[in-house]
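Counted from 1, the sequence shown has number 34 at position 49 by the working numbering; the numbering is strictly sequential.
We treat Cβ as the ideally placed atom computed from N, Cα and C, and that holds for glycine.
One structure is given here, and the rest of the page talks about it.
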Amino acid sequence: MSLPAERTPVIIGVGEVLDRPADPAAALEPLALMEAAVRAADEDAGGGWLERTDSLDLINLVSWRYDRVAARLAERLGIVPPRAVYGIVGGETPTTKIHEAALRIMNGNSVVAVVTGAEAQNAVAKAKAAGIQLPWTPPAKVPENPIIPSDHVTELGMRHGIFQPIHIYPLYENATVAAWGLTPAQALAESGAAYERISAAAAANPNAWERKAFSAAEITQVADDNRMICWPYTKRMVANNNVNAGAAVLMTTLAAARAAGVPEHRIIHVHGGASAGEHMDYLKRDQYVHSCAQDAVLGQAMRIAPNGFDRVELYSCFPTVPKMARRTLGLGADVPLSVMGGLSFAGAGLNCYMLHSTCAMVHSLRARPADQALLYGQGGYVTKHHALVIGCRPAEPAWLMLNRDVQDAAEEIRGDVPRFDGAFEGAAVVESYSIVFGREGQPSHGSVVGRTADGARVFGKLDLAEVAPFLSPERSPIGDAGRVHVGEDGLQQWRIA
């Protein structure tokens, strides 16, 4: 049994815009980019949908912080939707908002919904470097919705200098090397091969910010234009948010789409999805060899698509995320992990990548129809996860009605969270670690997450004189012995035993 056409959620329009003026003062501000993307999505759907929009979701902005963000965009579009919402930060929010819009349509609470987002970080950075004041809508003194929640960046993490995403994802990258029985060199080779295929997707995508295919060696090997950022990630393995780009997705009911004459082959159905999260404090997680929240949402996606996915988009801010997801999904090492082209290559605004990925997936499904495809988004520091299944085949009601929140499933598979003991002194073993590099190409600082004999967790600053074993390509230091003492600054210090 299928849903009645009046309650069947479908995607009928997608729009993307790239802005590359030589003069940053001529660049479009984020509101203008969103407006252009929404109008492009309306045109893609055949036109005439904007004035019918009853739900408008905006993805959180970083490059230019307005107030009244949703209201300002609605005014530019000349519409007054009953629901207009500006979202919170998170790379998973585009898939979340599309899923929520689908549920509102299914429940009869919406007929035409738009999800949009944009960033202009490239223009902002160039203007700052040139000392130019951009002629845009003035930023708010008190912008809506904080960029990073205060409980995500802890005082302890700040004192260690391990508080940015690029510092924290390596905890998972380095821990999985040992868990999967790989050497660091083998894990790096896997990342390079996967990202080589992702860069090829970007090269073929007309809406990618960078359209150049790189070899695995060009991605993983340190060079003048590819410096080490945080072990083992080079610049080409790190997300690129330095773009001027916007995207939009327009949704409605199957009945409304057909009544407007939208061709069947251009209609993409939303089948369902799931969300779950990890503790925001990375030191309060059970382990770093997989994400229970990621496993739970991908498990739900696989239940929605028991015959598998024809293609996937796995969030690719850093290689550990798609590598963990690939294993959970049971995909082979040679399966393409992106249709968009990845955050390192296709690029996107900080929270907008999965919005662009949805556009890319819709184009892909229209060109080469398939029953079901996967969009997997992730936000924070391996923190928030959302999977969304879409496809050319109409959804079964049971799929859409599956519980969207699978947090309980994540908790069922979660192990005990180790007690943190910041005052401990004595023997411990390496659980994971993060080594940050400076622009000159040498390690600047690092910290080790360790475990004591009784299972407590410790967090020690690494003496750079002892960094060599942590940078070995041939042997992982996970499980190696060390000793912890508390320094004069009150922070634990790690020394090799």
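{"Query": "Among 93, 340 and 51, nearest to residue -2 - alpha-carbon criterion", "Result": "340"}
{"Query": "Cβ-Cβ separation, residue 379 to residue -13 (assumed contact under 8 Å), whole Å", "Result": "5 Å"}
{"Query": "Rounded Cβ spacing between residue 434 and residue 416 (contact assumed at less than 8 Å)", "Result": "5 Å"}
{"Query": "Beta-carbon contacts of residue 456 that lie in its chain and below 7 Å, excluding the five residues immediately before and after", "Result": "216 and 420"}
{"Query": "DSSP state of residue 430 mapped onto helix, strand, coil", "Result": "strand"}
{"Query": "Secondary structure of residue 262, DSSP reduced to three states", "Result": "strand"}
{"Query": "Contact between the region 265 to 282 and the region 363 to 376 (3+ Cβ pairs under 8 Å)", "Result": "yes"}
{"Query": "Proximity below 8 Å, CB of residue 99 to CB of residue 233", "Result": "yes"}
{"Query": "Proximity below 8 Å, CB of residue -6 to CB of residue 91", "Result": "yes"}
{"Query": "Rounded straight-line distance, which links the Cα of residue 87 to that of residue 357", "Result": "16 Å"}
{"Query": "Residue 123 burial status per 10 Å Cβ neighbour count (16 or more: buried)", "Result": "exposed"}
{"Query": "Distance CB(residue 46)-CB(residue 104) smaller than 8 Å", "Result": "yes"}
{"Query": "Cβ neighbours of residue 406 in the same chain (closer than 8 Å, five flanking residues each side left out)", "Result": "437, 441, 442 and 443"}
{"Query": "Run of the beta strand (DSSP E) containing residue 344, from where it starts to where it stops", "Result": "Premise fails: residue 344 lies in the alpha helix (DSSP H), 338 to 352, not in any beta strand (DSSP E)."}
{"Query": "For residue 405, the residue or residues it bridges with in DSSP", "Result": "442"}
{"Query": "Residue from 467, 423, 230 and 386 with nearest C-alpha to residue 414", "Result": "467"}
{"Query": "At least 3 beta-carbon pairs within less than 8 Å: the region 23 to 36 vs the region 111 to 125", "Result": "no"}
{"Query": "For residue 238: DSSP bridge partner residues", "Result": "-6"}
{"Query": "Per-residue burial, residue 398 [other beta carbons within 10 Å of its own, 16 or more giving buried]", "Result": "exposed"}
{"Query": "Sequence-distant residues of the same chain with beta carbon closer than 7 Å to residue 246, five excluded per side", "Result": "31"}
{"Query": "Segment limits, alpha helix (DSSP H) that includes residue 176", "Result": "169 to 188"}
{"Query": "Proximity of residue 350 and residue 322 at Cβ, strictly below 8 Å", "Result": "no"}
{"Query": "Alpha helix (DSSP H) runs wholly inside the region 283 to 317, at least 4 long, in chain order", "Result": "305 to 314"}
{"Query": "Minimum C-alpha distance to residue 264 - residue among 20, 364 and 374", "Result": "364"}
{"Query": "Meets three-Cβ-pair contact criterion under 8 Å: the region 145 to 156 and the region 282 to 290", "Result": "no"}
{"Query": "Residues of its chain near residue 33, where Cβ-Cβ distance is below 8 Å and the 5 sequence neighbours each way are ignored", "Result": "27 and 245"}
{"Query": "Close beta carbons around residue 203, own chain, < 8 Å, minus the five adjacent residues each side", "Result": "211 and 221"}
{"Query": "Distance CB(residue 376)-CB(residue 355) smaller than 8 Å", "Result": "yes"}
{"Query": "Segment contact flag, the region 317 to 335 with the region 186 to 194, C-beta cutoff 8 Å, min 3 pairs", "Result": "yes"}
{"Query": "Anticipated Cβ contact below 8 Å, residue 432 with residue 447, distance rounded", "Result": "6 Å"}
{"Query": "CB of residue 305 within 8 Å of CB of residue 161, strictly", "Result": "yes"}
{"Query": "Length of the line joining the Cα atoms of residue 385 and residue 75", "Result": "23 Å"}
{"Query": "Backbone secondary structure at residue 213 - three-state DSSP", "Result": "strand"}
{"Query": "Residue 60 burial status per 10 Å Cβ neighbour count (16 or more: buried)", "Result": "exposed"}
{"Query": "Span of the alpha helix (DSSP H) around residue 384", "Result": "382 to 386"}
{"Query": "Same chain, Cβ closer than 6 Å to residue 71, five either side skipped, listed in chain order", "Result": "43, 54, 55 and 129"}
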